[in-house]
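Here the structure comes first, spelled out in structure tokens, and everything after it is commentary.
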Amino acid sequence: FITPFDPEDIHSLCSHLDDVMDGLEDVAHRIVSYKIDPIPQPVIEICNLLRECSGELTKAVEALENMPNIHRHCIEINRLEGQIDTLVRQAIVDLFDHETNAVQVIKLKEIYDYLESTADACEDVADVLQGIVVKNS
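Quick note on this note's numbering: the sequence shown kicks off at 1 and runs consecutively.
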């Protein structure tokens, strides 16, 4: 059986996609387990951007059949990841400036860290996809 791409690239792509899924699951689990209610607005905004990122990842993977289209999706993923980084940084500053409950600070800081790691995992997938394009062009 011959794959259309380097088997190592396929493995890397699957591994990084799994990291994205694990990150999303970890965030959801912590929000529920830590009984975060109401969910802070920055968490909602970041989750919405991660949803957009996931949509772009889907489109990029589907574009493996037509590689020139992958690049624009990867650019958008990188842009969204940058927005998420900015929001996370500001959310952490605001958290330390305004939250007086130390336990809540710990919970939310951990959630923000997982959100940022998940966004980084999305960017890692985009990097793998761009590598596949370069190798196959």
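Ideal placement from N, C-alpha and C gives every residue a C-beta, glycine not left out.
In this text, all values refer to a predicted model and were calculated from it rather than measured experimentally.
Where does residue i fall in DSSP's three states?
i: lysine 109; result: helix
i: proline 42; result: helix
i: lysine 135; result: helix
i: isoleucine 36; result: coil
i: proline 4; result: coil
Assuming the contact rule is C-beta atoms closer than 8 Å, residue i and residue j should be a hit. Round their C-beta distance to whole Å, please.
i: valine 93; j: isoleucine 46; result: Between isoleucine 46 and valine 93 the Cβ distance is about 14 Å, and since that is not below 8 Å, they are no contact.
i: lysine 107; j: isoleucine 36; result: 7 Å
i: histidine 71; j: valine 133; result: 7 Å
In whole angstroms, what separates the C-alpha of residue i from that of residue j?
i: threonine 58; j: serine 33; result: 29 Å
i: glutamate 65; j: asparagine 136; result: 11 Å
i: valine 61; j: asparagine 78; result: 15 Å
i: glutamine 104; j: cysteine 122; result: 27 Å
i: isoleucine 63; j: histidine 73; result: Checking the displayed sequence, the identity of residue 63 turns out to be alanine instead of isoleucine. Their backbone Cα atoms lie some 9 Å apart in a straight line.
i: glutamate 56; j: glutamate 76; result: 7 Å
i: glycine 23; j: glycine 82; result: 17 Å
i: leucine 95; j: methionine 21; result: 26 Å
i: leucine 8; j: isoleucine 31; result: Sequence inspection shows glutamate at residue 8; the leucine mentioned does not correspond to that position. The straight-line gap from Cα to Cα measures roughly 35 Å.
i: proline 68; j: proline 4; result: 16 Å
i: serine 12; j: isoleucine 39; result: 33 Å
Closest by CA to residue i, which one among the options?
i: leucine 142; options: Ala28, Leu64, Leu13 and Asp18; result: Residue 142 falls outside the range modelled here, since the chain spans only 1 to 137, and no answer is possible.
i: alanine 119; options: Asn69, Val134, Asp6 and Asp18; result: Asp18
i: alanine 91; options: Ile44, Glu8, Ile31 and Cys14; result: Ile44
i: leucine 49; options: Ala126, Lys109 and Ile84; result: Ile84
Item to check | Whole runs of the alpha helix (DSSP H) within the region 60-113, excluding any shorter than 4 residues | outcome: 70-98
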